[in-house]
Structure formats: C-alpha cells, structure tokens
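*Asks:* I am attaching a structure below and will ask some questions about it afterwards.
In the numbering used here, the protein residues as written are 16 to 211.
Right under this line is the structure:
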C-alpha cells in the first residue's frame, strides 16, 4: 500500500511538473511525422495480465509494415530490441528515445495501476518463451516499472541475461528503499547520457 501510494503521488507530481514538456513532445511528433502521437502496445503486467502501454511514437507510422528492427546478433527473436540506427526511427523519435521522454506517457499507466515507478520493464507477450515457468511467475509477481534495476545499472547496455538477473533480483528483494535507490541511479544515468 505504501509503494502504491508513493507511485500515485510521484506520478501526479511528475505530470503536474512535466506536462509542458509532454505537450511539446506531442507537438514535435505531430509536426515531424503526423498522427498518431501516441504508440500503444500490449505488455505483460502483474500476475501475467496484459495491458496497453503508452509511449510517444518515435518511429514512422507504418513501422510494423516495414519489418522488425535490427538487433544484436545471436539473440532470440523475442529478445530483439530496436537498434539505435534503425531507419524507421524518426528525427524527433531519436531525440525522444535518447532522453527517455518517449516513456513519459507511462506515468498514466502508473496512475491506472498497470505499472509502478520502479519494477522490471514490461515484457511483450512473445517474450514468454524466454523464461522458465518459475522465472516468469517471479518476474510478474511485481508490477512492471518505468525504470528498474537493469536500467539503473546498465541503462540500455545490458545483455538479455543481465536484464533477466536484475529483474529477478528486484522481484525477490523489492521495497520502498530499494525503489528510491533505483530512482536515484536512474536519474544519474539519464544525466550522464544527456551530457554525452
């Protein structure tokens, strides 16, 4: 209950402070590549239930029709993430991704109870095959988060194995103090990335 109250209060404060930035981001997406401004995707949440995750759209409108993005060689298909040089990423989308501004609409997911501020990043349903039944159950015994231990430690440089181990570690030992530490580390990572 304390974690949920913390999530709601911080998400409301963040929305109150960041709405001009979010409005500017939405306008930039619209002017750069049209509508829709938001991208929604089915993700897996607490208890294995699916929900619609919100992001600012950072790729061309017909990205799905243009095929999957490149990924690190040798990774299973379900682990694939969009490569930084994927030609489907728009000019504005590249900036939004670099600064993580594309993730801000997930504050709405936090308010809805789909997500927490801190937790494992939410999986797409196709990733189910990458886990044992025990790993899947443990990972989804907590709400997914805007940021997590893997993001705080590695940003986007984590291998799939590092992400998995960090997510399972969080699920085993989560708590408000852990969340505060992860949030602080995430801010440091964002500041470092912005400075580069």
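Cβ atoms here follow ideal geometry from the backbone N, Cα and C, with glycine treated the same way.
Since we're looking at a predicted model, the values are computed, not measured.
Tell me which residue opens and which closes the alpha helix (DSSP H) that residue 156 is part of.
*Replies:* Unbroken run through residue 156: none, as it is neither H nor E.
*Asks:* Which of the three DSSP states, helix, strand or coil, is assigned to residue 126?
*Replies:* Helix, per DSSP.
*Asks:* Would you kindly check if the distance between the Cβ of residue 157 and the Cβ of residue 131 is under 9 Å?
*Replies:* Cβ distance < 9 Å, so residue 131 and residue 157 count as in contact.
*Asks:* So with Cβ pairs under 9 Å, would you call residue 17 a contact of chain C?
*Replies:* Among the protein chains of the structure shown there is no chain C, as only one such chain exists.
*Asks:* For residue 34, name the three-state secondary structure that DSSP assigns.
*Replies:* Residue 34: helix per DSSP, three-state reduction.
*Asks:* Can you check the segment 126 to 199 for any alpha helix (DSSP H) of at least 4 residues that lies completely inside it and give the ranges in chain order?
*Replies:* Correct list: 148 to 154, 164 to 169, 175 to 188.
*Asks:* Taking the C-alpha atoms as reference points, what is the distance between residue 57 and residue 70?
*Replies:* Residue 57 and residue 70: Cα-Cα distance of roughly 12 Å.
*Asks:* Spatial neighbours of residue 87 within its chain, please: C-beta separation below 6 Å, excluding the five flanking residues on both sides.
*Replies:* Bear in mind that the predicted position of residue 87 carries a pLDDT of just 40, short of 50, making it unreliable; the figure below should be weighed with that in mind. Answer for residue 87: no residue qualifies.
*Asks:* Measure the alpha-carbon distance for residue 78 versus residue 136 and round it to whole angstroms.
*Replies:* Their Cα atoms are separated by approximately 22 Å.
*Asks:* Counting C-beta neighbours from all protein chains within 10 Å, is the total for residue 35 16 or more, i.e. buried, or is it exposed?
*Replies:* Per the 10 Å Cβ criterion, exposed.
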